[in-house]
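What follows is a short report on a single structure.
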Amino acid sequence: MEEKKVIFSGTQPSGDLTLGNYLGALKNWVLLQDEYECYYCIVDLHAITLPQEPKDLRRRTLEVLALYLAAGLDPEKVTIFIQSHVSAHSQLSWVLNCMAYMGELNRMTQFKEKSKKNAGNVNAGLFTYPVLMVADILLYQTDLVPVGQDQKQHLELSRDMAERFNNRYSPTFKIPEPFIPKVGAKIMSLQDPLSKMSKSDKNENGYILLKDDPDTIRRKIKRAVTDSFNKVRFSDEQLGIKNLITIYSKLSGEEIDVIEKRYENKGYGEFKKDLSEVVVEGLRPVREKFEDLMRNKDYLEKIYSMGAKKAEKKAFKTLNKVYKKTGFIPRSYR
Ligand code: TYM
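Mapped onto my numbering, the consecutive letters of the sequence shown carry residue numbers 1 to 334.
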């Protein structure tokens, strides 16, 4: 039998997950789980590049795990684990840090944005964060990384660094490919269609959380910024409406032109009302399952402990090779 290709992806437990995380990443992960050998990680080591309240970080780590399951990931098919449970991530990250150039990390747009936003705390971890992400991906000999558009540059770094290591020593890492959806790779803020929908947005009307109740979802969509054309068109002149049509299409599974046609002679009020129901109904099963799972911490513990064992096996196989090639003497257990 042909070996399955490997997928790796992750989410930071640094805030509540948004509709952007769901449509840009999580929903695709579920579609890929039958065909590939998948590793889906909750990247808590990444989260501390910005200050975190310890008890909130613990709660959110479990919440992200519950959302993975609620969105439809099947723990019998995929490996779900917590990054800090597999120490190989930090270990490979160190080796790769010693091969990463300051110049290439300085070019990372996410670093530039985050350091501007957190000018009082530009720590070294924030700067080398992309290298930890490279380590995550390369440890699993990953073929494909399903992510939203905002992670593309980090993926390019992963490819460059894998090639650099392979050339300096000998073939060790697979060269990973990004897997970015054609529609929905960048869901925009409902309040500012020029910036990405983000869990760290200060204006809560900008995002829809997977945890939001139906009335909150309806209220946020009602307030979403549009324009004065009053035409439901998928056009770059109408970025607010374009974003709402994208959300509609991703959640209903309907093509964009079908949606445009349906609302051809209708105003934004009616479109937004219908969209609200599409979002409420689309997220309802996820939210209900999420609430159920959060009441069952024993089950969640079982999943992450099983996941860490599976992930560790694969990760250490790669790390041992890397250590050997680097020139570290293998530990003796005599
Ligand atoms: P994070 O936690 O910011 O986001 C998780 C996933 O959601 C996608 N995403 C979006 N997609 C569409 N529209 C949006 N508005 C939107 N917001 C977020 C992200 O692209 C991502 O796929 N560095 C990563 C986490 C990470 C990782 C990895 C990912 C760490 N190691 C290895 C892949 C492979 C991050 O901060 O994602």
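Heads up, the beta-carbon is just placed ideally off N, CA and C, and yes, glycines get one too.
Bear in mind the structure is a predicted one, so any value in this text is a computation, not a measurement.
Inset, instruction - Would you tell me roughly how many angstroms separate the C-alpha atoms of K116 and L126, rounded to the nearest one? - result: 12 Å
Legend entry - Where the alpha helix (DSSP H) containing V134 begins and where it ends: 124-139
Legend entry - Simplified DSSP state of G10, which is helix, strand or coil: strand
Legend entry - C-alpha distance - A224 paired with Y140, whole-angstrom precision: 40 Å
Inset, instruction - With a 10 Å radius around its C-beta and 16 neighbouring C-beta atoms as the bar for buried, classify S158 as buried or exposed. - result: buried
Inset, instruction - Look at the alpha carbon of L293 and the alpha carbon of P75, and state the distance between them as a whole number of angstroms. - result: 13 Å
Legend entry - Whole-angstrom C-beta distance between P171 and I137, which should lie under 8 Å: Between P171 and I137 the Cβ distance is about 16 Å, and since that is not below 8 Å, they are no contact.
Legend entry - Reference E3; option with closest CA among R59, D143, L209: D143
Inset, instruction - Per DSSP, which residues does L209 bridge with? Please list them. - result: T18
Legend entry - Minimum C-alpha distance to V279 - residue among S305, S252, I303, K302: S252
Inset, instruction - Check whether the Cβ atoms of L92 and A162 sit closer than 7 Å, and answer yes or no. - result: no
Inset, instruction - With a 10 Å radius around its C-beta and 16 neighbouring C-beta atoms as the bar for buried, classify D44 as buried or exposed. - result: buried
Inset, instruction - Could you tell me which of V122, S276, K325 sits nearest to K220, measuring between CA atoms? - result: S276
Legend entry - Anticipated Cβ contact below 8 Å, C38 with I7, distance rounded: 4 Å
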